[in-house]
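Notes for the one structure printed next.
Residue numbers (the working numbering): -12 to 252.
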């Protein structure tokens, strides 16, 4: 019995010793496999491969398309050029896009907005210059991730329809400078919203609009340069909301210039 016990102990010891190096080798192999997987994560994704031809075509047409670490399109920019219906269709197929920025594109219209509103990840939309109408605001209700909207320099916009977007509580930054936004329209905007920054430079406001806007609870900065607001209306607004920057391009009482916050769309 003693001999059997000794043999059993020796056998167990051999198993443990052989298992040690084997276990280490096995762990090393698994670790190596994990590392290879991590490296693979940095390579272009399947989505990026599917987008490659579209991204190339857009770049050749004058667009700047920026990608993420997986080489998926996330930002599309066009300046001083026509979009074209074909490129509009291409853009709407890039489901990973988070930002679309257009400057001075004469054919930017409601149909284009309808295309990009379907992009599930779209957070930032900039269309400055074009021929949009107030109908675009209802279309943009479909853009559920949208939080920054810049539709400045658009004479065809009055801001009617913005109320619906604000009521959803997603828009944090809104640019409607150099548009036809009026006091009457702003008075219809819901006070309960998520706006943090609002640009209404070069519009047609009045004291009633100022009273409405000063009630927006989350507003941190508002720009009303040449927006038709009297100095006393701006002063009253500042007193009512000392933690909100109200910039009208004029000096504060006492001659100290007001410094606007740096804002980007």
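Yeah, the Cβ is synthetic: ideal placement off N, Cα and C, and Gly gets one too.
In the DSSP assignment, residue 210 falls outside any alpha helix (DSSP H) and lies within the beta strand (DSSP E) extending over 208 to 210. Residue pairing of residue 135 in beta bridges, as defined by DSSP: 111, 160. Contact between residue 176 and residue 144 is absent: CB atoms are separated by about 14 Å, not below the 8 Å threshold. Taking all protein chains in view, the Cβ of residue 164 is crowded by 16 or more other Cβ atoms within 10 Å, so the residue is classified as buried. Its Cα nearest to that of residue 199, the residue 216 stands out among 216, 34, 57. Residue 115 and residue 202 have their C-alpha atoms roughly 28 Å apart.
Within the same chain, 59, 60, 81 come within 7 Å of residue 38 by CB-CB distance, once the 5 residues on both sides are set aside. When beta bridges are read from the DSSP output, residue 173 appears opposite no residue. Cβ atoms of residue 133 and residue 110 come within 8 Å of each other, at about 6 Å.
Less than 8 Å separates the beta-carbon of residue 34 from that of residue 83. For residue 186, the closest alpha carbon among the candidates 93, 208, 125, 112 is that of 208. Spanning the alpha carbons of residue 172 and residue 57 requires a straight line of approximately 43 Å. In the three-state scheme derived from DSSP, where H, G and I count as helix and E and B as strand, residue 191 is classed as strand.
Put simply, of 169, 126, 130, 180 the residue whose alpha carbon is nearest the alpha carbon of residue 146 is 169. Shown here, residue 38 sits in a helix according to DSSP, grouped into three states. Note that the C-beta distance between residue 127 and residue 87 is not below 8 Å. Cβ-Cβ separation between residue 184 and residue 160: approximately 5 Å, consistent with a contact (criterion under 8 Å). Taking a C-beta distance under 8 Å as the contact criterion, residue 181 and residue 156 qualify as a contact pair. Per DSSP, the continuous beta strand (DSSP E) segment holding residue 185 begins and ends at 184 to 186.
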